[in-house]
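Numbers 188 to 286, taken from the numbering used here, label the letters of the sequence shown in order. Built from N, CA and C at the ideal position, the CB exists for glycine as well.
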Amino acid sequence: MNTLISVAIAPFGVGDELSGYVNDIIGVIEESGLTYKTTAMGTEIEGEWSEVMTTVQKAIQTLTDKGIRAYVSLNADIRPGHTNTIETKLQKLDHKLER
188 MNTLISVAIA PFGVGDELSG YVNDIIGVIE ESGLTYKTTA MGTEIEGEWS EVMTTVQKAI
248 QTLTDKGIRA YVSLNADIRP GHTNTIETKL QKLDHKLER
């Protein structure tokens with residue numbers, strides 16, 4: 188079933204510079220082959236539930252395998268029968284706002 192998630196994964200207790208850790212996390216997401224978009228506050232990932240959750244687990248493990256505590260915030264939109272919602276949701280909104 189198609190799943191669109193918004194996830195933020197961050198290391199906890201490693202100081203102020205997080206970009207190296209975030210880069211490793213995004214690398215795992217990119218390697219999954221799933222559709223994704225990264226923003227300043229998190230990443231949206233779309234695909235089948237099991238593939239998305241496996242990707243999130245692997246991304247978290249980039250931290251936990253190093254003994255680093257991980258903070259994870261995740262929201263999910265599970266919509267059977269729909270695909271490409273990562274794009275179409277925004278297109279529908281833009282259309283309604285006449286952009």
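query: Are three or more beta carbon pairs between the stretch 242–251 and the stretch 267–283 nearer than 8 Å?
result: No: fewer than three Cβ pairs fall under 8 Å.
query: Comparing alpha-carbon positions, which option in Ile213, Met228 and Lys276 lies nearest Ser260?
result: Taking only the C-alpha atoms, the option nearest Ser260 is Met228.
query: Closest to Thr222 by CA distance: which of Val209, Lys253, Trp236 and Asp211 is it?
result: Here the closest residue by C-alpha is Trp236.
- request: Starting from Ala197, follow the beta strand (DSSP E) in both directions and report where the run begins and ends.
  value: Ala197 -> beta strand (DSSP E) spans Asn189 to Phe199.
field: Backbone CA spacing between Thr264 and Phe199 [nearest angstrom]
entry: Just to set this straight, residue 264 is Asp in the shown sequence, not Thr. Cα to Cα, Asp264 sits roughly 26 Å from Phe199.
message: For Val209 and Ile196, I'd like the C-alpha separation in whole angstroms.
response: Distance between the alpha carbons of Val209 and Ile196 is about 8 Å.
- prompt: How should Glu217 be labelled, buried or exposed, when 16 other C-beta atoms within 10 angstroms of its C-beta is the threshold for buried?
  reply: The residue is exposed, with fewer than 16 neighbouring Cβ atoms inside 10 Å.
field: Beta-carbon gap between Ile192 and Glu238 smaller than 9 Å
entry: Note that the C-beta distance between Ile192 and Glu238 is not below 9 Å.
- prompt: Do the CB positions of Thr241 and Ser219 come within less than 9 Å of each other?
  reply: Yes, Cβ-Cβ distance for Thr241 and Ser219 is below 9 Å.
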